[in-house]
Every structure is written in C-alpha cells, then in structure tokens.
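Undergrad: Sharing a structure, written as structure tokens. Questions coming.
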Amino acid sequence: MIKKLKPLFILLGAFTISYLLWLLGQVQPDPVEEVPAPDVIVKILTPQDFQVQISSNGTTTPLTQTILTAEVGGEVIYRSKKFSEGSSVIESEILAKIDDTDLQLQYKNALLQLANAEVQYSLQLAEAEVAKEAWGKMGDGVASDLTLKKPQLKQAEALLEVAKAQVSSSKKKLNKTEIVAPYAGRIQNVNIDLGTTIIPGQPVGAMYTSSEIEITLAVKDNDLQFLSIPMDGRKLDPSEQAIVKIKSFYKGRNQTWIGRLERVDGVIDPVTRMINLIAVFKNDFIETDKPNLPIGLFVEAQIDGIKLKDVFSIPFNAISENNEVYIVNNDNKLESKKLSILKKYSDFVIVKDGIKAGERIVVSKLSTASNGIKVNPVYK
-15 MIKKLKPLFI LLGAFTISYL LWLLGQVQPD PVEEVPAPDV IVKILTPQDF QVQISSNGTT
45 TPLTQTILTA EVGGEVIYRS KKFSEGSSVI ESEILAKIDD TDLQLQYKNA LLQLANAEVQ
105 YSLQLAEAEV AKEAWGKMGD GVASDLTLKK PQLKQAEALL EVAKAQVSSS KKKLNKTEIV
165 APYAGRIQNV NIDLGTTIIP GQPVGAMYTS SEIEITLAVK DNDLQFLSIP MDGRKLDPSE
225 QAIVKIKSFY KGRNQTWIGR LERVDGVIDP VTRMINLIAV FKNDFIETDK PNLPIGLFVE
285 AQIDGIKLKD VFSIPFNAIS ENNEVYIVNN DNKLESKKLS ILKKYSDFVI VKDGIKAGER
345 IVVSKLSTAS NGIKVNPVYK
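Residue numbers (this note's numbering): -15 to 364.
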C-alpha cells in the first residue's frame, strides 16, 4: 500500500515546493529610496580690488598746549574778560597785567646808572687822550698803561656795558608784566584773579590751539603692512598722508570729520603689540552743520590703507575654525580648501591665496560636511 502511494507523495511534494517557490517569486523587496543631494548656497568667486580700512579709536587732544607762566612777580592789576576757561583769544592778546611800579623804578634807576656810566666813560676817554698827548710832548721812552689812563678807561668801558645790560634787562622785565597769548587759541584754565600776588615762574593758566586737533590712534602691528608710511617718526609729506575718517555722537547726533595721518610713533608696545598713529584734523569748518572738534571727545576712526589687487571677499559664516572653506567641484561634490587670510573684518575676510577665480564656494551653513559629499548647488 505504501509502495503504491509513494509516487503520489513525491508528486505532492514536488507540487508543494513548486508552489512555494512561485509564492516567493511574487514577493518583491521594498525599493531602496535614493537620498537627494542637499541644497547648498554657493557663490562664484570673482577677484576684486579692495580698499583696506583699519579701525581704531581715540580721544581728541590739542595739537599745541601751553602752560602760561608769570616771568615777573607782583600783584595782578588787570585780567581780561577773555582770560576765562573756554574763551577764544587771538595771538598777542593781553590776558593779564602785573603791577609794574617796582619794575618802573628799577628801569629808571638803570637809565640813571647808564647815564652816569656814559659820563664816566667820556671823562676817562678824555683823560686818556690828554695823558697820551702830554706823554708825547714831555715823556721819553714807553709810557706805562697807568700813565696813559688805560686801566681807568677800560674800567669805565666795562661799567658802561654793565649799565647798558641792566637797562635792557629791566626793560625786558617791564615788558613781561603783560601776560599775552602766544598764539590764537582757547583758554583751558585760569589760576589767577585781580589782586593775586604771584612770583616769577608761577603758572597763571593754560591754553591750546583750536585750529588743529590731534588724535592718537592705536593699531595692531600686523596692520602696518597695509599702510604705506615710514617708521622714522618724521612728519609725513601730504602725498604720504592717509585719509582718516572719524565719527562720534556729538551735539545730539552722529557727526563725522575727515583728517589725515601725520606721523607714526616708532615704538611697538611689547604687551599689546600695538603702535600709535597720530592723525591731525583742522578746525576750519564754516558751515553750520559741521561743528568744530572739541577737546576730549572720544571718537571711532577708520584709516584708509593700501588698495589690494585681485583679492576675494569671503563671508565669515563660510569659514571653519581652522580657516577652511568648502567649494563645489565639477562633480557637484564638496572639496575643502585651506585659506590664507590677509585681513579680518566683522562679517567677512579678505583672501589672496588658497582659492581661485570661478570656483564655487559654499556660503550657507552646513550641518555636516566632508570631502566627497554630493550636493545640489544653489547660486546666490
């Protein structure tokens, strides 16, 4: 019986296997979805000429500042109303006067002494002539200097010179009883008043020039490569003076002034690695919307440096911490490039080497990036 059913079992098994194979053939694997290339914003690199701007700040100071001192002593008998803090004065303007009574007396005494010395000199000169003539008539041989009145004449001549010097000195002191402005400017402070008794050499006030203002601007020593200026401390020629633009909030609004870089301090601070540049601004504005620069104003400055040729401006967000950027190559794949940065600004950098004109640089932020990743470039 089993032998008779064996062929049937074989046929049934073969059928079952065939059916199962058929069922397996009907089951298709899920298709693998291809991940689309991520979009990246790219910028085509184009070389350009770039005017370097160097930032700094400082405080306005007078170009010339003078301590006014009394050269003679005495009581202050006159003080000009313009000899007050903040007042403008012209050159040689009388600011104050010191009582000259004693000096007038000294001057008159000096004149008297001069007159006496002139008389004595004239008398000694006449006596010397008489002695010489008398010796010529009566004497024999060589006369002594004393006989010819030469020592007496020499003494009278010396006394005359001393008297002249005393007159000159007393007259000079008399003229110095007037305290005058050495130049046109503004009064900074005053230390005297009517009735004040002062001594020679005592400071009576201070003034400064108002026509020109000076600002000391500290810059990094690395920025000197962008300034075509000598380092010998001399005053720069007009052709060498870089333009300096300053700005500050003054009189209720933002104000700007234009000046020029005049000289460079030749010493680099060993701690900060900064060096001082000195800019000068002329206070000769006559238009009402441009006020003169005051002393003590804090300002922000931009100094015009050299013009760089054929450089690239790269946004800061496109650069990694190790100064690398990604470009999209001809296969639309990422490729990193190491930059040689010339100058950094707040939101971009200036680059000369490491990239080429026409390359597509990625300027959008990348969450993950590595060489060889395929991307879809979107042009900015």
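Quick reminder that beta carbons are idealized off the backbone N, C-alpha and C, glycines included. None of these values were measured; they are calculated from a predicted model.
1) Which residue from N355, K349, S152 puts its Cα closest to that of Q88?
2) If you draw a straight line from the C-alpha of A140 to the C-alpha of Q108, how long is it?
3) Could you round the C-beta distance between A202 and S40 to whole angstroms and report it? I think they count as a contact, below 8 angstroms.
4) Could you say if the stretch 169 to 184 and the stretch 101 to 115 meet the contact criterion of at least three C-beta pairs nearer than 8 angstroms?
5) To the nearest angstrom, report how far apart G243 and T48 are at their CA atoms.
6) Cα separation between S64 and D221?
7) Would you kindly work out how many angstroms separate the C-alpha atoms of Q37 and L178, rounded to a whole number?
8) Are L208 and Q225 close, meaning C-beta to C-beta below 9 angstroms?
9) If we ignore side chains and look at the alpha-carbon of each, how far apart do T256 and G250 end up?
10) Pull the bridge partners of M191 from the DSSP assignment, please.
11) Relative to the C-alpha of N276, which residue among I259, P254, N260, W241 is closest?
12) With distance defined between alpha-carbon atoms, name the residue in G185, V126, K133, L281 nearest to E198.
13) Taking the continuous alpha helix (DSSP H) assigned at Q209, which residues delimit it?
14) Leaving aside the five residues before and after E343 along the sequence, list all residues of the same chain whose C-beta is less than 7 angstroms from its C-beta, in chain order.
15) Going by other Cβ atoms of all chains shown within 10 Å of its Cβ, with 16 needed for buried, is I287 buried or exposed?
16) So who's on the other strand from N360, going by DSSP bridges?
17) Tell me which residues share the same chain as K266 and place their Cβ nearer than 7 angstroms to its Cβ, disregarding the 5 neighbours each side in the sequence.
18) State the Cα-Cα distance for the pair K235 and V283, rounded to the nearest angstrom.
19) Label R247 either buried or exposed according to how many other C-beta atoms from any shown protein chain fall within 10 Å of its C-beta, with 16 as the threshold for buried.
20) Label L137 either buried or exposed according to how many other C-beta atoms from any shown protein chain fall within 10 Å of its C-beta, with 16 as the threshold for buried.
TA: Once the coordinates are examined:
1) Locating residue 88 in the sequence shown gives position 104, counting from the first residue. Of N355, K349, S152, the smallest CA-CA separation from Q88 is found for S152.
2) As a working mapping, residue 140 is identified with position 156 in the sequence shown. As a working mapping, residue 108 is identified with position 124 in the sequence shown. Cα-Cα distance, rounded: 7 angstroms.
3) Start at 1 with the first residue of the sequence shown, and residue 202 comes out as number 218. Start at 1 with the first residue of the sequence shown, and residue 40 comes out as number 56. Yes, they are in contact, since the Cβ atoms of A202 and S40 sit about 6 angstroms apart, within 8 angstroms.
4) no
5) Residue numbering aside, residue 243 sits at position 259 when the sequence shown is read from its first letter. Residue numbering aside, residue 48 sits at position 64 when the sequence shown is read from its first letter. Spanning the two alpha carbons is a distance of roughly 17 angstroms.
6) Taking the first residue of the sequence shown as 1, we reach residue 64 at position 80. Taking the first residue of the sequence shown as 1, we reach residue 221 at position 237. Looking at the backbone, the Cα of S64 and that of D221 are separated by about 40 angstroms.
7) Stepping through the sequence shown from its first residue, residue 37 is reached at position 53. Stepping through the sequence shown from its first residue, residue 178 is reached at position 194. Roughly 53 angstroms separates the two Cα atoms.
8) The count along the sequence shown starts at 1 and reaches residue 208 at position 224. The count along the sequence shown starts at 1 and reaches residue 225 at position 241. No, the pair does not count as a contact, with Cβ atoms beyond the cut-off.
9) Indexing the sequence shown from 1 puts residue 256 at position 272. Indexing the sequence shown from 1 puts residue 250 at position 266. C-alpha separation (whole angstroms): 15 angstroms.
10) To locate residue 191, count along the sequence shown from 1; it is residue 207. T50, I171.
11) As a first step, residue 276 is located in the sequence shown; it is residue number 292 there, counting from the start. Among I259, P254, N260, W241, the Cα nearest to that of N276 is on W241.
12) Start at 1 with the first residue of the sequence shown, and residue 198 comes out as number 214. Of the candidates G185, V126, K133, L281, the one whose C-alpha sits nearest the C-alpha of E198 is L281.
13) Within the sequence shown, the letter at position 225 stands for residue 209. Element bounds for Q209: n/a, residue is neither H nor E.
14) Taking the first residue of the sequence shown as position 1, residue 343 is located at position 359. If we look at E343 and ignore the five residues flanking it on each side, its Cβ neighbours are L29, I311.
15) Stepping through the sequence shown from its first residue, residue 287 is reached at position 303. Flag for I287 reads buried.
16) Counted from its first residue, the sequence shown places residue 360 at position 376. For N360, the beta-bridge partners assigned by DSSP are D23.
17) In the sequence shown, counting from the first residue as 1, residue 266 sits at position 282. So the list reads S195, E196, once near-sequence residues are dropped.
18) Along the sequence shown, read from residue 1 onward, the residue named residue 235 stands at position 251. Along the sequence shown, read from residue 1 onward, the residue named residue 283 stands at position 299. Each residue's alpha carbon lies about 14 angstroms from the other.
19) Taking the first residue of the sequence shown as 1, we reach residue 247 at position 263. Label assigned to R247: buried.
20) Within the sequence shown, the letter at position 153 stands for residue 137. With 16 or more Cβ atoms within 10 Å of its Cβ, L137 is classed as buried.
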